Amino acid sequence: MPGQAAAAAAAAAPYPGRQTGVTAATAPRWRHRSAPYCVTTAPAFRDVISTRRLSTTAVCPSPSMCQAGEDYAGPAQREPPPVPRPSREQKCVKCAEGLPVVVIRAGDAFCRDCFKAFYVHKFRAMLGKNRVIFPGEKVLLSWSGGPSSSSMVWQVLEGLSQDSAKRLRFVPGVIYVDEGAACGQSLEDRVKTLAEVKRILGNTGFPFHVVALEEVFSLPPSVLRRASQEPAGTEEAYKAAVDSFLQQQHVLGTEACASPAQGQGQLRPSHSQEPSGTVGHPKDAQTEALSRLFKSIKTLTAKEELLQTLRTHLTVHVARSHGYRKVMTGESCTRLAIKLMTNLALGRGAFLAWDTGFSDERHGDVVLVRPMRDHTLKEVAFYNRLFGVPSVFTPAIDTKAPEKASIHRLMEAFILKLQTLFPSTVSTVYRTSEKLVKAPREGCATGPSGPNCLLCMCALDVDNADSATAFGAQSSSHLSQMLTAEAGTPTRPCCGAGEGQTQSCHRAVGRREDAWACIIEQLCYSCRVNMKDLPSLDPLPPYVLTEAQLRSQRGSVSEEIQEYLIEEEEEEDRAEPCEAMKQEAEDKGIGL
Numbered sequence: 001m002p003g004q005a006a007a008a009a010a011a012a013a014p015y016p017g018r019q020t021g022v023t024a025a026t027a028p029r030w031r032h033r034s035a036p037y038c039v040t041t042a043p044a045f046r047d048v049i050s051t052r053r054l055s056t057t058a059v060c061p062s063p064s065m066c067q068a069g070e071d072y073a074g075p076a077q078r079e080p081p082p083v084p085r086p087s088r089e090q091k092c093v094k095c096a097e098g099l100p101v102v103v104i105r106a107g108d109a110f111c112r113d114c115f116k117a118f119y120v121h122k123f124r125a126m127l128g129k130n131r132v133i134f135p136g137e138k139v140l141l142s143w144s145g146g147p148s149s150s151s152m153v154w155q156v157l158e159g160l161s162q163d164s165a166k167r168l169r170f171v172p173g174v175i176y177v178d179e180g181a182a183c184g185q186s187l188e189d190r191v192k193t194l195a196e197v198k199r200i201l202g203n204t205g206f207p208f209h210v211v212a213l214e215e216v217f218s219l220p221p222s223v224l225r226r227a228s229q230e231p232a233g234t235e236e237a238y239k240a241a242v243d244s245f246l247q248q249q250h251v252l253g254t255e256a257c258a259s260p261a262q263g264q265g266q267l268r269p270s271h272s273q274e275p276s277g278t279v280g281h282p283k284d285a286q287t288e289a290l291s292r293l294f295k296s297i298k299t300l301t302a303k304e305e306l307l308q309t310l311r312t313h314l315t316v317h318v319a320r321s322h323g324y325r326k327v328m329t330g331e332s333c334t335r336l337a338i339k340l341m342t343n344l345a346l347g348r349g350a351f352l353a354w355d356t357g358f359s360d361e362r363h364g365d366v367v368l369v370r371p372m373r374d375h376t377l378k379e380v381a382f383y384n385r386l387f388g389v390p391s392v393f394t395p396a397i398d399t400k401a402p403e404k405a406s407i408h409r410l411m412e413a414f415i416l417k418l419q420t421l422f423p424s425t426v427s428t429v430y431r432t433s434e435k436l437v438k439a440p441r442e443g444c445a446t447g448p449s450g451p452n453c454l455l456c457m458c459a460l461d462v463d464n465a466d467s468a469t470a471f472g473a474q475s476s477s478h479l480s481q482m483l484t485a486e487a488g489t490p491t492r493p494c495c496g497a498g499e500g501q502t503q504s505c506h507r508a509v510g511r512r513e514d515a516w517a518c519i520i521e522q523l524c525y526s527c528r529v530n531m532k533d534l535p536s537l538d539p540l541p542p543y544v545l546t547e548a549q550l551r552s553q554r555g556s557v558s559e560e561i562q563e564y565l566i567e568e569e570e571e572e573d574r575a576e577p578c579e580a581m582k583q584e585a586e587d588k589g590i591g592l
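Last residue of the sequence shown: 592 in the UniProt record's numbering, with the numbers rising by one and none dropped.
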């Protein structure tokens, strides 16, 4: 047959590209230009070359490249099975025995027990490294119901247990701030949420305080004043406090041996010594005032900043009222990285060390600490899932908001998306925040006597409105625009005609202008920008307006007093002629 003769001739012909003296072991693999992938092993290559053309099943996976109907006796050799990946047989990176259940980073796989030890060690190391909380000190845990703050409360609860190797030595309490009115939550939903909150906090055994955000309308003006702060404790003072605490525990242990029934009650943490400060429904007038305040703000960015400020003021007031010296917040590493970038965009770069550091001493007698700042959100989520940490979901003010609705949402989406592409993004930003140092502004005093922002309590970082700086010109322009808008607004006629009534109306407008200028000059750059989204000062809580007026009065009185005081340079100038006259009199023998 002509076809069989052609096939035999093709089989006897040398292989394309084959060189003389090439053995089967060194024979190259062959791939046709148009075939997806054609390969055969060395023995099959030798057999096929000596007998027939390349087999369709052993060489070319594409049927169109081979002739139909070909039948070969020997089965084609297949490639060896793929080697299993190391992750299938991977062990815990710490104990090298247990099966991993959590992969934190690439190559960091932990079993259940090692992950718990790793997580707890981070929390304890953060507290032990800074040594801010002294033994026996009252600490208020700020709990929002979210995963990070719930994990923080759980860590404190386990750290205070009797079987803990390194037992925590402070006295905890918990505060929950109900923000339902600001977030537009209905009364029925708020009641259900509060019932769940009280059930969870009641199981901890800690004294807890459930307060509504509407209570900011009854706060005293003193909450905006930096209280006198004792000097920071040194390492020797911390060691002395620890020794004193251990001696007290030793005395209690000795008494427990003498009377076991009474001693057990003293050794156990007395969480019920302080009554739990729960509240019922807030007043309707306060709820309406809070809703009106947040509805009057134009942007979501300003709403989030004001909500955070009011929450902090209320927490500090509760801590001062019940004798707490420290307040723990549950901000995680991921949240602090987002906060750092957000505050940079908001113009709070001068206060990053206070806003993202471990401790925040801006309030003086009450110090805010962040013990969860080494834990990422991924670690917190895994820990809560593995060990059943209870939490409560409450809708926030930015729930279901689009990505570009506020600077906070935009920066959060940016950081989290960047973290998925580059896993070291959050850690890099977080490590940068650790290098920031708290330093006062040049020419500004620190402490209670220094000028502080009326809202955020940080040092003022801007000049007055009449200065030559760019922001001073911006503030003056904003004030003039507001005055022009108020002047162009049609007003109702006065109650009575006459020149005196007209003068009283002008005085009222002047008082509003003075009040706005009085508040603006007492705010930092970031708070001034946020206040531009508030069209009027009337919805603000009374304690803010009262404190602004008191500060303005104190400033004017201080300026008046300074006019009658003699400065040091003038004293030196007057002292020099007196010294000269005295010396001249002594030379002449005349006594003065």
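The beta-carbon is built from N, C-alpha and C at its ideal position, and this holds for glycine as well.
These numbers were taken from a predicted model, which means no experiment stands behind them.
Identified DSSP bridge partners for residue i
i	result
Val426	In DSSP, Val426 forms no bridge with anything.
Ala459	Asn452
Met328	Leu141, Val369
Ser359	Val369
Euclidean distance between Cα positions of residue i and residue j
i	j	result
Thr301	Val367	26 Å
Asn384	Pro207	23 Å
Val177	Leu307	11 Å
Leu540	Cys114	50 Å
Val426	Gly388	26 Å
Phe422	Leu377	16 Å
Ala289	Tyr430	38 Å
Arg190	Ser391	16 Å
Arg225	Thr420	43 Å
Lys166	Val380	22 Å
Leu99	Arg112	8 Å
Ala405	Ser228	40 Å
Gly555	Ala517	14 Å
Gln185	Asp398	13 Å
Gly305	Leu346	With the sequence shown as reference, residue 305 is identified as Glu, and Gly is not the correct amino acid for it. Distance between the alpha carbons of Glu305 and Leu346: 10 Å.
Cys183	Pro395	7 Å
His363	Ser222	11 Å
residue 596	Glu559	The structure shown does not extend to residue 596, since the chain is modelled only from 1 through 592, so no value can be given for it.
Arg320	Cys333	28 Å
His209	Ile561	44 Å
Leu550	Pro451	13 Å
Glu331	Tyr564	50 Å
Val462	Gln522	10 Å
Ala117	Lys400	36 Å
Ser151	Leu386	12 Å
Contact check, residue i vs residue j, beta carbons under 8 Å
i	j	result
Glu214	Pro282	yes
Cys527	Leu455	yes
Ile520	Lys326	no
Arg335	Ser148	yes
Asp533	Ile297	yes
Ile360	Asn343	Note on identity: in this sequence residue 360 is Asp, with Ile being the wrong assignment. For Asp360 and Asn343, no; Cβs fall outside 8 Å.
Met328	Val369	yes
Val171	Gly202	no
Met531	Pro371	no
Lys93	Ala106	The identity of residue 93 in the sequence shown is Val, whereas the question assumes Lys. No, the Cβ-Cβ distance between Val93 and Ala106 is not below 8 Å.
Phe294	Val102	no
Close beta carbons around residue i, own chain, < 7 Å, minus the five adjacent residues each side
i	result
Val153	Leu141, Trp143, Val174, Thr204
Leu310	Leu213, Val216
Ala413	Glu403
Ala353	Leu436, Val437, Lys438
Ala548	Leu454, Cys518, Ile519, Gln522
Near the ligand HEM: residue i beta-carbon under 7 Å from a heavy atom
i	result
Leu368	With respect to the ligand HEM, the structure offers nothing, as it holds no ligand at all.
Proximal residues to residue i (C-beta, below 6 Å), its chain only, five neighbours per side dropped
i	result
Phe351	Cys458
Gln262	The predicted position of Gln262 is uncertain, since its pLDDT is 41 and thus under 50; no value can be drawn from it.
Gln155	Phe123
Gln286	Glu214, Phe217
Same chain, Cβ closer than 8 Å to residue i, five either side skipped, listed in chain order
i	result
Gly349	Asn343
Leu314	Val177, Val211, Leu213, Glu215, Val216, Leu219
Leu160	Arg167, Leu168, Pro172, Pro269
Leu196	Note that residue 196 is Glu in the sequence shown here, rather than Leu. For Glu196, where only same-chain residues beyond five positions count, the Cβ hits under 8 Å are Val392.
Quick check for students: name the residue ranges of the alpha helix (DSSP H) that lie wholly in the stretch 93–134, counting only runs of 4 or more. 112–130
4-residue-minimum alpha helix (DSSP H) runs that sit fully inside the stretch 367–421, ordered along the chain: 377–387, 407–421
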